[in-house]
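The sequence shown begins at 1 in UniProt numbering and counts up one residue at a time.
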Amino acid sequence: MSTEEENRTVFDVAAASMLTKELRDVFASGKTRSYEWRISQLKSMIKMCDEHEEDIADALHQDLSKPKLESIVYELRDSEITTTISLLCPRALIFSVSVCPELEVCDRWIPYFLGFETGWEYLGFDSLSESEITMLKNSCALAIKELKQWMMPEKAKTSLLTFPSSAEIVSEPLGVVLIISAWNYPFLLSLDPLVGAISAGNTMVLKPSELSPATSTLLAKLLPEYLDVSSIKVVEGAVSETSALLEQKWDKIFYTGNGRVGRIVMAAAAKHLTPVVLELGGKSPVVVDSGIDLQIATRRIIIGKWGCNNGQACISPDYIITTKDCADKLVDSLKKELDTFYGENPLESKDISRIVSSNHFSRLTKLLDDDKVSGKIVYGGERDEANLKIAPTILLDVPRDSLIMKEEIFGPLLPILIVSKIEDSWDVINSGTKPLAAYLFTNNKKLKEQFVMSVSAGGVTINDIAMHLAIHTLPFGGVGESGTGSYHGIFSFDAFSHKKAVLYRSFMGDAALRYPPYTLGKIRL
Ligand code: NAD
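As structure tokens, this is what we get:
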């Protein structure tokens, strides 16, 4: 055992129990309920991002070789260009990167359109799922702006039965909550749920993923420096530490990760009747119809797949479904654009993240080496085991019973299935478990309607990839095996609040009929 390991205090069930007791006492003191406490924590979180932008980007780079541009902050909020645009366009707006000279540097791989939010306080790269730091800051800024409104009791209608009376829905913090996060966006997936838990006025424990150790260590160092250490704790560790935490009684568990562990979390929560949010994954399909602008479609698919952590993103395209007449053109376009983005030797590209661990590397190569897909690779396939890199890989006309179609890929492999007519895609998708996201590229209005009505998924984007995640007025979460519950924007606040029904009655209008003895005489009255 190394000295470092020896020195590390054991975090067992007893330690977890002491920790939750401490947090319960702090919650009972009422400290975290005040508006001022919540706002101060959110502001400190932004300060932490500003003062440690480089450290965060470095940690993400260490954990995943994530290109710095994927994590770095783009702060255009005060720049002339965005101010002008926000004044000119009070509504959400889409415009080309090419009008934005500051971005030329990343023009090669940042997608071609940026969506800007209405309120320019948190105007920025909401639409870039790559930008972990910016997305977190935007979340904090939105919560700071909206918190008063979110905390305000919501008036509800009453009925004649209770006349005279008034009613409201009061959002109260749940208490002590546990947040368990995953390695693929280790900074954002740890802190974005925290924004919700803080906004709602809870005390909390964050357990980052052990598979992204640099980010986990950084979070354990920075959070106590910037946030209220008596109310917000970080516990680092793997299965044994998480299991010790799961033995405790929590008021909510928010878990991000795979469904196998999701089941463990839900079973542990059931013992205490603790509600859960499970942010899981699944096989997110992309249906590509004919007659579309293929270049834009393929560029968006590429950025959504390989530009987001080399396919290691929960809503990245898992597989494509298209028709025979479309398939070859689609493959040609994908090849052309991939060459432009990542060059002839993508294993050397600095714009592609590595695979997180050797376990995941072998899991992915096993999918490629399955006999059922031999001869199906039409692009890529190269791997570099020493550096845990796998090149963007496309497989055409893959059989549905192959290994690659049986589990979530969560990596740089993209199989294409062929159907006789595009409407057959709905059955292909619905024959599997419900995905976290589903995508359709088409110009056909009827197909769009059919897709939205027929395909059950956590979220849907038509004619783009992953962008629904960037709209803070939309809930983000899964359905069925891709998860339960949701967050982002007000949905994060709601995820960590109890909606308390409150009825205010007066002493007037007290009907005798309500009280025994129930005699006919009272009814006749
Ligand atoms: P992971 O390996 O980091 O595990 C997630 C968390 O579970 C970690 O904190 C880990 O310590 C803990 N854990 C692992 N085994 C455990 C056990 N036996 N008992 C208790 N805790 C345990 O991440 P992962 O699961 O590989 O993440 C990838 C999966 O997460 C994919 O399926 C992906 O789609 C999904 N995901 C979903 C979202 C979303 O927002 N819906 C976001 C990211 C990833």
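Even for Gly, the Cβ is constructed at its ideal location relative to N, Cα and C.
As the structure is a computational prediction, the values presented were derived from the model and not from experiment.
- Of 319, 66, 426, 232, the smallest CA-CA separation from residue 454 is found for 426.
- The count of Cβ pairs closer than 8 angstroms, one atom from the segment 251-264 and one from the segment 177-192, reaches three, so the stretches are in contact.
- Looking at 138, 44, 385, 269, the one whose alpha-carbon comes closest to that of residue 361 is 385.
- A Cβ-Cβ contact shorter than 7 angstroms links residue 277 with residue 485.
- The closest CA to that of residue 429, considering only 284, 306, 326, 411, is found on 284.
- Here the distance from the Cβ of residue 250 to the nearest heavy atom of ligand 1 is not below 6 angstroms.
- In the structure shown, residue 182 adopts coil according to DSSP, grouped into three states.
- DSSP places residue 457 in the coil class of the three-state scheme, outside both helix and strand.
- In this structure, residue 496 lies near residue 197, with their beta-carbon atoms less than 7 angstroms apart.
- 438 is the residue among 472, 438, 473, 333 whose C-alpha sits nearest the C-alpha of residue 465.
- In the three-state scheme derived from DSSP, where H, G and I count as helix and E and B as strand, residue 298 is classed as helix.
- Going by DSSP, residue 393 is part of the beta strand (DSSP E) stretching over 393-396.
- The nearest non-hydrogen atom of ligand 1 is less than 6 angstroms from the C-beta of residue 261.
- By the CB criterion at 7 angstroms, residue 305 and residue 414 fall inside the cutoff.
- Counting C-beta atoms within 10 angstroms of its own C-beta, residue 41 has 16 or more neighbours from the protein chains shown and is therefore classed as buried.
- Counting along the chain, residue 194 sits inside the alpha helix (DSSP H) bounded by residues 188-199.
- For residue 211, the distance from the CB to the nearest heavy atom of ligand 1 is below 6 angstroms.
- Apart from the 5 residues on each side of it in sequence, residue 231 sits with its Cβ closer than 6 angstroms to the Cβ of 26, 32, 203 in its chain, given in chain order.
- It is roughly 57 angstroms from the alpha-carbon of residue 510 to the alpha-carbon of residue 11.
- With a cutoff of 7 angstroms on beta-carbon distance, residue 402 and residue 446 are scored as not near each other.
- Counting only runs of 3+ residues, the beta strand (DSSP E) found wholly inside the segment 327-381 occupies 377-379, in chain order.
- Distance from the CA of residue 144 to the CA of residue 43, rounded to the nearest whole angstrom, comes to 8 angstroms.
- When C-beta atoms of the segment 267-275 are compared with those of the segment 293-308, fewer than three pairs fall below 8 angstroms, so the two segments do not count as touching.
- Taking the Cα positions, residue 146 is about 40 angstroms away from residue 9.
- Around the C-beta of residue 48, 16 or more other C-beta atoms lie within 10 Å, and the residue is accordingly described as buried.
- For the pair residue 355 and residue 388, the CB atoms are nearer than the 7 angstroms cut-off.
- Relative to the non-hydrogen atoms of ligand 1, the Cβ of residue 314 comes within a distance shorter than 6 angstroms of at least one.
- Around the C-beta of residue 467, 16 or more other C-beta atoms lie within 10 Å, and the residue is accordingly described as buried.
- Following the DSSP letters along the chain, one finds residue 134 inside the alpha helix (DSSP H) bounded by residues 132-151.
- Around the Cβ of residue 312, a 10 Å sphere holds 16 or more other Cβ atoms; the residue is buried.
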